[in-house]
Structure formats: structure tokens, C-alpha cells
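S.K.:
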Amino acid sequence: MVTQEQKIFLKIIEILKDFPQGIRYSSLANLLAQEGTNRHAIDGAIFRFKQMIENGEINNVVRPERGLYILKEYLKKNAIGEIKNEFIEKTKAEIKKQQIVEENFYQPFANYLMNDLEECTKAIPLGGNKFKDKWGTPDVIGVYRSQASDIIKLPEEVISAEIKTDTNNLVTAFGQACAYKLFSNKSYLVIPKCSSQEEIGRIEALCKVFGIGLVSFDSKDPNLPEFERLVTAIKHEPDRFYINKYAKMVESDLFNH
Numbered sequence: 001m002v003t004q005e006q007k008i009f010l011k012i013i014e015i016l017k018d019f020p021q022g023i024r025y026s027s028l029a030n031l032l033a034q035e036g037t038n039r040h041a042i043d044g045a046i047f048r049f050k051q052m053i054e055n056g057e058i059n060n061v062v063r064p065e066r067g068l069y070i071l072k073e074y075l076k077k078n079a080i081g082e083i084k085n086e087f088i089e090k091t092k093a094e095i096k097k098q099q100i101v102e103e104n105f106y107q108p109f110a111n112y113l114m115n116d117l118e119e120c121t122k123a124i125p126l127g128g129n130k131f132k133d134k135w136g137t138p139d140v141i142g143v144y145r146s147q148a149s150d151i152i153k154l155p156e157e158v159i160s161a162e163i164k165t166d167t168n169n170l171v172t173a174f175g176q177a178c179a180y181k182l183f184s185n186k187s188y189l190v191i192p193k194c195s196s197q198e199e200i201g202r203i204e205a206l207c208k209v210f211g212i213g214l215v216s217f218d219s220k221d222p223n224l225p226e227f228e229r230l231v232t233a234i235k236h237e238p239d240r241f242y243i244n245k246y247a248k249m250v251e252s253d254l255f256n257h
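Numbering follows our numbering, with no gaps: position 175 of the sequence shown is 175.
#1: Could you give the distance in angstroms between the alpha-carbon of Lys130 and the alpha-carbon of Leu117?
#2: In its own chain, which residues sit with a C-beta less than 8 Å from the C-beta of Met249, not counting the 5 before and 5 after it?
#3: Is the beta carbon of Gly22 closer than 9 Å to that of Leu31?
#4: Grouping DSSP H, G and I as helix and E and B as strand, with all else coil, what is Ser252?
#5: Identify which residue in Leu68, Arg24, Asn168, Lys11 has its Cα closest to the Cα of Cys36.
#6: Among Gln176, Ile243, Ile141, Glu204, which one has its Cα closest to the Cα of Glu228?
#7: Span of the beta strand (DSSP E) holding Glu157?
#8: Please decide whether Ala148 counts as near chain C, where near means a Cβ-Cβ distance under 9 Å.
#9: Please classify Cys194: is it buried, with 16 or more other beta-carbons within 10 angstroms of its beta-carbon, or exposed?
#10: Is Lys97 helix, strand or coil when you go by DSSP?
#11: Between Leu224 and Phe241, what straight-line distance do the alpha-carbon atoms span, to the nearest angstrom?
#12: Taking the CB atoms as reference points, tell me whether Ile234 and Lys164 lie closer together than 9 Å.
#13: With the cut-off set at 9 Å, would you say Gln6 and Ala41 are in Cβ contact?
#14: Do you know whose CA, among Asn111, Val190, Cys120, lies nearest Asp43's CA?
#15: Alpha carbon to alpha carbon, what distance is there between Asp139 and Lys208?
#16: Quick one: grab the DSSP three-state call for Val2.
#17: Given a cut-off of 9 Å on the beta-carbon distance, is the pair Ile152 and Cys120 in contact?
#18: What would DSSP say about Lys193, mapped onto helix, strand or coil?
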């Protein structure tokens with residue numbers, strides 16, 4: 001009898017056949033969800049699928065970069081190493097019009113950090129005034145821990161993110177992302193794609209100077225935000241006192257896994 005996981009595996013292969021340039025984790029999961037499969041089952045199956053690729057149990061699919069899945073035959077045709085993040089969904093479900101609030105994007109970006117960028121082994125929405133001080137609270141905070149299968153175990157890393165849907169407050173948001181470096185190894189600023197090109201160019205230059213990661217997204221649809229990394233966050237050593245101070249406030253939610 002074919003298990004649900006095996007059915008999902010077969011569907012993944014079918015989907016990959018329609019994407020010669022590969023498909024990102026979030027897009028793949030969304031297409032699988034359109035079949036009515038439980039999202040928890042989808043995430044578990046894709047994680048197992050990834051493990052089987054790494055272990056060599058699945059040899060017709062490869063992951064040339066984090067969060068990207070592509071059939072091996074397509075990778076050869078596309079010139080190995082030349083695939084970039086210019087992937088367009090083949091189909092998009094019609095989205096009901098709804099009032100969009102910034103908080104709607106917190107969980108999707110947490111998923112993006114874990115599944116697409118693979119910079120976190122766990123990430124959670126935060127926001128509000130959780131840290132209760134003038135330095136502010138990240139909208140999303142995550143941690144990266146070495147896996148049991150890793151030969152070389154690296155120290156834990158804390159990643160924070162500031163998300164803005166209002167294009168009028170980008171400079172303020174940049175300052176907030178800088179402040180998060182006090183207690184984070186990496187900090188990301190997430191801004192709308194509809195921001196002016198001049199503004200994006202200026203913010204991008206600042207992020208490169210200060211080592212802040214920059215991601216753009218479609219602020220009109222939290223179901224398909226289409227996150228795109230413009231600048232990679234540079235790892236640095238945060239202040240030991242502050243990283244421990246804030247880690248204690250989210251210990252049960254973030255570190256007990």
C-alpha cells in the first residue's frame with residue numbers, strides 16, 4: 001500500500017518536471033497544498049525528501065543551493081552553477097482580497113529563513129514588545145543549530161529580522177535592523193518590492209556597508225510573498241551579555257527543540 005509520504009514524493013517529481021529551472025521550497029509546498037494535503041504532512045515529507053537526496057537514496061533530484069530543488073537532468077541542461085533566484089510560479093491560485101497587516105508576513109518569513117535560505121533550524125514570529133526595552137523587538141527571530149548528521153558542529157547562531165510593509169518607514173526600519181546586531185549574529189531587513197528603485201538602491205548600499213541582510217517581498221499577498229534576497233547578511237559576534245539576556249526571554253519557544 002502506498003503511504004501518504006510516498007504519494008507526496010511522486011507528486012514532487014511530477015511538479016519538478018514542469019520547472020526546468022527548479023523550484024523553491026515555499027513554492028513547492030504551496031503547489032502540493034493545492035491538492036488538499038495537510039500542510040504539516042507536506043513539510044514533513046519535503047524534509048524527509050531532502051534527507052533522502054543528501055543520503056543518496058534519491059538520485060534523480062538535486063539541491064544545487066539552499067532551498068532549491070531541481071531534476072538532475074534539468075540541472076545539466078541549465079549549466080551547473082548558473083541557476084539564480086529568477087523563478088516564477090507556473091500557476092497562482094486566485095487570492096481573495098483581504099486587508100493586509102504586517103504581522104501576516106512574520107510566519108511566512110520565518111518559514112523562508114528555515115526552508116528557503118536554510119539559515120535557521122527554527123524561527124518564530126515575535127514582534128510586539130516582547131523584549132520590553134528601547135532596542136525594540138525583532139519581528140522574527142531564529143536560531144541555527146548544527147544537525148546530528150553534521151560532521152563538524154558549529155556554534156549556534158541567532159538571526160533577527162525587521163519586516164516593513166510601509167515604504168515610508170524604511171530608514172527607521174534599517175536603524176532597527178542595525179540595533180538587532182547587538183544580540184544577533186545576523187540581522188535582516190525585509191522591505192516591499194513596490195518601494196522606489198532609488199530607495200531600494202540606497203538601502204541596499206547601506207546594508208552592504210553595515211553587513212545587514214536585505215530581502216524584498218510582495219507586500220500585497222502574505223500567501224505568496226515571493227521573498228527575494230538582495231543582500232546576504234554578514235555574520236558577526238554579538239555582545240555576549242545582550243544575546244544571553246534576550247535569549248532567556250524566548251528560550252522555551254526557540255531553543256527547546
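Using N, Cα and C, we set each Cβ at its ideal position, and we do this for glycine too.
M.R.: On the basis of the data shown:
#1: Taking the sequence shown and counting its residues from 1, the one referred to as residue 130 is at position 130. Taking the sequence shown and counting its residues from 1, the one referred to as residue 117 is at position 117. As the crow flies, the alpha-carbon of Lys130 is around 25 Å from that of Leu117.
#2: Taking the first residue of the sequence shown as position 1, residue 249 is located at position 249. Closer than 8 Å at the Cβ level, and outside the excluded window around Met249, lie Lys130, Phe131.
#3: Start at 1 with the first residue of the sequence shown, and residue 31 comes out as number 31. Start at 1 with the first residue of the sequence shown, and residue 22 comes out as number 22. No; because the gap between Cβ atoms is not below 9 Å, this pair is not in contact.
#4: Residue mapping note: residue 252 aligns to position 252 of the sequence shown, counting from 1. Note: Ser252 maps to helix in three-state DSSP.
#5: Here residue 36 corresponds to residue number 36 of the sequence shown, with the count starting at 1. It is Gly, not Cys, that sits at residue 36 in the sequence shown. Here the closest residue by C-alpha is Lys11.
#6: As a working note, residue 228 is residue 228 in the sequence shown. Its Cα nearest to that of Glu228, the residue Glu204 stands out among Gln176, Ile243, Ile141, Glu204.
#7: Working through the sequence shown from its first residue, we reach residue 157 at position 157. Unbroken beta strand (DSSP E) run through Glu157: 157-163.
#8: Judged by its chain identifiers, the structure shown contains no chain C, having just a single protein chain.
#9: As a working note, residue 194 is residue 194 in the sequence shown. Answer is exposed; the Cβ neighbour count stays below 16.
#10: Your numbering for residue 97 matches position 97 in the sequence shown. With a pLDDT of 38 at Lys97, under the threshold of 50, the modelled position of this residue cannot be trusted; read the value that follows with caution. Three-state DSSP puts Lys97 in coil, outside helix and strand.
#11: The count along the sequence shown starts at 1 and reaches residue 224 at position 224. The count along the sequence shown starts at 1 and reaches residue 241 at position 241. Distance between the alpha carbons of Leu224 and Phe241 is about 38 Å.
#12: Here the question's residue 234 lines up with position 234 in the sequence shown. Here the question's residue 164 lines up with position 164 in the sequence shown. Taking a C-beta distance under 9 Å as the contact criterion, Ile234 and Lys164 do not qualify as a contact pair.
#13: Locating residue 6 in the sequence shown gives position 6, counting from the first residue. Locating residue 41 in the sequence shown gives position 41, counting from the first residue. Contact flag unset, no.
#14: Taking the sequence shown and counting its residues from 1, the one referred to as residue 43 is at position 43. Nearest C-alpha to Asp43 among Asn111, Val190, Cys120: Asn111.
#15: Here residue 208 is taken as the residue at index 208 of the sequence shown, counted from 1. Here residue 139 is taken as the residue at index 139 of the sequence shown, counted from 1. Whole-angstrom Cα-Cα distance: 21 Å.
#16: As a first step, residue 2 is located in the sequence shown; it is residue number 2 there, counting from the start. In the structure shown, Val2 sits in coil (DSSP, three-state: anything other than H, G, I, E or B).
#17: The residue labelled residue 152 in the question sits at position 152 within the sequence shown. The residue labelled residue 120 in the question sits at position 120 within the sequence shown. No, Cβ-Cβ distance for Ile152 and Cys120 is not below 9 Å.
#18: Locating residue 193 in the sequence shown gives position 193, where the first residue counts as 1. Reduced to three states, the DSSP call for Lys193 is coil.
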